[in-house]
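Numbering (this note's numbering), first residue to last: 21 to 248. For every residue, glycine included, the Cβ atom is placed at its ideal position computed from N, Cα and C.
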């Protein structure tokens, strides 16, 4: 497996870790092994301990969003509270195109499991299977989802599933929005200087933002019910 983060000017070389599993690319890291375009606010150049890196504090929640695919699975981590959403990390898990489907599913499971073990998210959100005219494509997509969901279930994470229309409506305000519109709104919501890349990672961040919005809405309803 090769772990790679997109470098930006002035950030030094990109670290690569080779292994047998698949390829995981990351963006937004601030660790000793990998550097990317975004850093956690307020950290400076001091290297945080792993337990301090992405773990939420009181009143906040770290959400892992996943956009599943047999070839490329996007992932995005955000820290969310009632006031804002902050990008922590995003990237992709790439499988070997020459591998069999079972081998690809294994790579997805191991890639998601590795992210969960390292970053310790509080919530897991994933996109539901889309309906396609190509039955085989829909079936393969469903199996990729299953591999990612199994990784979250093995880590005892709460799992939420959202349709593509729900995600687009939540982030853009329109269920038929294009991928570019979603990418642009993710940039604005997270207050990024550039569009999050690649597009699969941007989609995963949109899923995480959708879940954050749903959680915030439920919290407001719960507060109103308790007052009433």
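Original post:
If you check the beta carbons only, do residue 164 and residue 231 fall under 7 angstroms apart?
Top reply: no
Original post:
Can you tell me whether DSSP reads residue 211 as helix, strand or coil?
Top reply: Residue state, collapsed to three classes: coil.
Original post:
What residue from 174, 185, 99 and 193 has the CA that sits closest to residue 147's CA?
Top reply: 185
Original post:
So what's residue 107 in DSSP terms, helix, strand or just coil?
Top reply: strand
**OP:** Out of 99, 81 and 110, point me to the one whose CA is closest to residue 218's CA.
**Re:** 110
Original post:
Alpha carbon to alpha carbon, what distance is there between residue 183 and residue 190?
Top reply: 11 angstroms
**OP:** Put residue 177 into one of helix, strand or coil per three-state DSSP.
**Re:** coil
Original post:
Hey, quick one: how far does the beta strand (DSSP E) through residue 147 stretch, first residue to last?
Top reply: 143–147 is the extent of the beta strand (DSSP E) around residue 147.
Original post:
Under three-state DSSP, which class holds residue 140?
Top reply: coil
**OP:** Just tell me which of 136, 155 and 188 has its CA closest to the CA of residue 260.
**Re:** Here the chain covers residues 21 to 248 and nothing more, so residue 260 does not appear.
Original post:
Start and end of the alpha helix (DSSP H) containing residue 189?
Top reply: For residue 189, the enclosing alpha helix (DSSP H) starts and ends at 184–191.
**OP:** For residue 237, count neighbouring C-beta atoms within 10 Å of its own C-beta (all shown protein chains included) and say buried if the count is 16 or more, exposed if not.
**Re:** exposed
Original post:
My guess is that residue 95 and residue 83 are in contact by the Cβ rule of under 8 angstroms, so how many angstroms apart are they, rounded?
Top reply: Incorrect: roughly 11 angstroms between the Cβ atoms, too far for contact.
**OP:** Give me the Cα-Cα distance between residue 98 and residue 120, rounded to the nearest whole angstrom.
**Re:** 32 angstroms
**OP:** Please say whether residue 168 and residue 227 have beta carbons closer to each other than 7 angstroms?
**Re:** no
Original post:
Start and end of the beta strand (DSSP E) containing residue 94?
Top reply: 92–100
Subject >> For residue 131, three-class secondary structure by DSSP >> reply: helix
Original post:
Is the beta carbon of residue 116 sitting closer than 7 angstroms to the one on residue 224?
Top reply: No.
Subject >> Cα-Cα separation between residue 180 and residue 174, rounded to whole angstroms >> reply: 15 angstroms
**OP:** Please work out which residues of its chain come closer than 6 angstroms, Cβ to Cβ, to residue 222, disregarding the five sequence neighbours upstream and downstream, and give them in chain order.
**Re:** For residue 222, where only same-chain residues beyond five positions count, the Cβ hits under 6 angstroms are 203, 206 and 216.
Subject >> Where the beta strand (DSSP E) containing residue 85 begins and where it ends >> reply: 81–87
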